[in-house]
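For the record, the sequence lines run as chains A and B.
Per the numbering used here: the first sequence = residues 1 to 115.
Per the numbering used here: the second sequence = residues 1 to 110.
Note sheet for the following structure.
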Amino acid sequence: GAVVSQHPSWVICKSGTSVKIECRSLDFQATTMFWYRQFPKQSLMLMATSNEGSKATYEQGVEKDKFLINHASLTLSTLTVTSAHPEDSSFYICSGGGGVGDTQYFGPGTRLTVL
Amino acid sequence: QKEVEQNSGPLSVPEGAIASLNCTYSDRGSQSFFWYRQYSGKSPELIMFIYSNGDKEDGRFTAQLNKASQYVSLLIRDSQPSDSATYLCAVKDSGYALNFGKGTSLLVTP
């Protein structure tokens with residue numbers, strides 16, 4: 001299957017700082033990338049969908065000014081959590097589409113802890 | 001509202017048995033259906049996808065789709081303790097995004 005990488009795999013930061021998470025499709029071109037958030041023992045929640053070269057589409061209730069998404073190329077998307085607060089602590093997972101049958105392949109996730 | 005429903009479980013099966021995981025969806029326009037496995041603390045990994053009515057087999061896994069009943073299932077034959085995980089059903093219409101169910105927790109006991 002297609003491979004998606006994420007960096008960093010975990011990050012701890014102080015409240016008020018910004019954190020950038022990178023998502024790369026390694027062996028395919030991801031025309032569309034997705035960002036999810038998952039709280040403990042809960043299901044995946046789609047945050048936003050981004051297409052290369054265009055603005056991301058955010059799900060209802062997701063603050064676009066807080067979660068900045070950039071999809072600069074067919075292999076790279078970034079999520080920046082601005083002015084992070086403890087309630088932003090979560091498991092953030094990206095996925096890339098555009099693979100076989102428009103299947104989504106997930107990155108390994110980034111665990112964010114905001115102190 | 002496009003709903004994807006799964007029994008949260010846990011579903012417990014003995015090692016070597018067949019595990020049957022079920023999923024129903026509300027959107028009749030759904031076109032493709034996916035099963036993902038998620039181990040605790042890890043991201044989902046794709047098991048298989050199915051587009052057409054009927055069965056699709058891949059190794060120990062069989063996906064079954066019945067669009068008339070809006071029902072998709074996953075069978076795991078010869079279940080192993082390493083299959084213990086949460087299984088996520090996901091449904092896609094003609095758009096880009098997947099709509100996930102909340103997942104079924106499977107426990108395979110030795």
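The C-beta atom is built at its ideal place from N, Cα and C for all residues, glycine as well.
Using only alpha-carbon positions, find the residue among the options that is nearest to residue i.
i, options, result
"leucine 112 (chain A)", "A:Val11, A:Ser77, A:Gln6, A:Val4", "A:Val11"
"alanine 72 (chain A)", "A:Cys13, A:Lys64, A:Ser25, A:Gly107", "A:Ser25"
"glutamate 52 (chain A)", "A:Phe106, A:Lys14, A:Thr32, A:Val19", "A:Thr32"
"leucine 76 (chain B)", "B:Glu15, B:Pro10, B:Ser8, B:Asn7", "The amino acid at residue 76 (chain B) is misidentified as leucine; the sequence shows isoleucine. Isoleucine 76 (chain B) has its Cα closest to that of B:Glu15, out of B:Glu15, B:Pro10, B:Ser8, B:Asn7."
"proline 44 (chain B)", "A:Val114, A:Thr110, A:Leu79", "A:Thr110"
"threonine 109 (chain B)", "B:Gln6, B:Ala63, B:Pro10", "B:Pro10"
"aspartate 83 (chain B)", "B:Leu46, B:Asp55, B:Leu107", "B:Leu107"
"serine 9 (chain A)", "A:Pro108, A:Leu115, A:Val114", "A:Pro108"
"isoleucine 69 (chain A)", "A:Ala2, A:Phe34, A:Leu115", "A:Phe34"
"alanine 85 (chain B)", "B:Glu57, B:Asn22, B:Gly41, B:Leu65", "B:Gly41"
"glycine 54 (chain B)", "B:Glu5, B:Asn66, B:Asp27, B:Phe34", "B:Asn66"
My guess is that residue i and residue j are in contact by the Cβ rule of under 8 Å, so how many angstroms apart are they, rounded?
i, j, result
"aspartate 102 (chain A)", "serine 20 (chain B)", "About 27 Å; that fails the 8 Å criterion."
"serine 90 (chain A)", "serine 50 (chain A)", "That belief does not hold up - the Cβ atoms of serine 90 (chain A) and serine 50 (chain A) are roughly 19 Å apart, past 8 Å."
"tyrosine 58 (chain A)", "methionine 45 (chain A)", "Actually they are not in contact, since the Cβ atoms of tyrosine 58 (chain A) and methionine 45 (chain A) sit about 12 Å apart, beyond 8 Å."
"valine 13 (chain B)", "serine 73 (chain B)", "That pair is no contact at about 14 Å."
"threonine 24 (chain B)", "tyrosine 96 (chain B)", "Contact doesn't hold; Cβ gap of about 22 Å is too wide."
"serine 52 (chain B)", "valine 91 (chain B)", "Going by Cβ atoms, the distance from serine 52 (chain B) to valine 91 (chain B) rounds to 14 Å, so no, they are not a contact pair."
"threonine 80 (chain A)", "lysine 14 (chain A)", "Their Cβ separation, rounded to whole angstroms, is 16 Å, which puts threonine 80 (chain A) and lysine 14 (chain A) out of contact at 8 Å."
"glycine 103 (chain B)", "serine 43 (chain A)", "6 Å"
"methionine 48 (chain B)", "alanine 68 (chain B)", "At roughly 21 Å, the Cβ-Cβ gap does not stay under 8 Å, so methionine 48 (chain B) and alanine 68 (chain B) are not in contact."
"glutamine 38 (chain B)", "leucine 88 (chain B)", "6 Å"
"methionine 47 (chain A)", "phenylalanine 67 (chain A)", "6 Å"
For residue i, report the span of its beta strand (DSSP E) as first-last.
i, result
"asparagine 51 (chain A)", "45-51"
"asparagine 7 (chain B)", "No beta strand (DSSP E) contains asparagine 7 (chain B), which DSSP labels as neither H nor E."
"serine 20 (chain B)", "19-25"
"tyrosine 36 (chain A)", "32-38"
"glycine 97 (chain A)", "Counting along the chain, glycine 97 (chain A) falls outside any beta strand (DSSP E), and DSSP gives it neither H nor E."
"threonine 80 (chain A)", "76-81"
"asparagine 131 (chain B)", "The displayed coordinates of chain B run from 1 to 110. Any statement about residue 131 (chain B) would go beyond what the structure contains."
"threonine 110 (chain A)", "110-114"
"threonine 104 (chain B)", "104-109"
"serine 32 (chain B)", "32-38"
"alanine 2 (chain A)", "Note, alanine 2 (chain A): premise wrong, no beta strand (DSSP E); not H, not E."
"threonine 62 (chain B)", "61-66"
"alanine 97 (chain B)", "Premise fails: alanine 97 (chain B) is in no beta strand (DSSP E) and is neither H nor E."
"leucine 74 (chain B)", "71-76"
"serine 84 (chain B)", "No beta strand (DSSP E) contains serine 84 (chain B), which DSSP labels as neither H nor E."
Less than 7 Å between C-beta atoms, sequence neighbours within five positions excluded: which residues of the same chain meet that for residue i?
i, result
"histidine 7 (chain A)", "Glu22"
"alanine 30 (chain A)", "Leu74, Thr75, Gly96, Gly97, Gly98"
"phenylalanine 106 (chain A)", "Val4, Ile93, Ser95"
"lysine 64 (chain A)", "Tyr58"
Is the closest heavy atom of the ligand PLP to the C-beta of residue i under 7 Å?
i, result
"glutamine 6 (chain B)", "Judged by which ligands are present, the structure shown has none, so any question about the ligand PLP falls away."
Who are the near neighbours of residue i in its chain, counting only those whose CB is closer than 6 Å to its CB and skipping five residues on each side?
i, result
"glutamine 104 (chain A)", "Ser95, Gly97"
So, for residue i: in the same chain, excluding its five sequence neighbours on each side, which residues have a beta-carbon less than 8 Å away from its beta-carbon?
i, result
"glycine 16 (chain A)", "Ser83, Ala84, His85"
"serine 18 (chain A)", "Thr80, Val81, Thr82, Ser83, Ala84"
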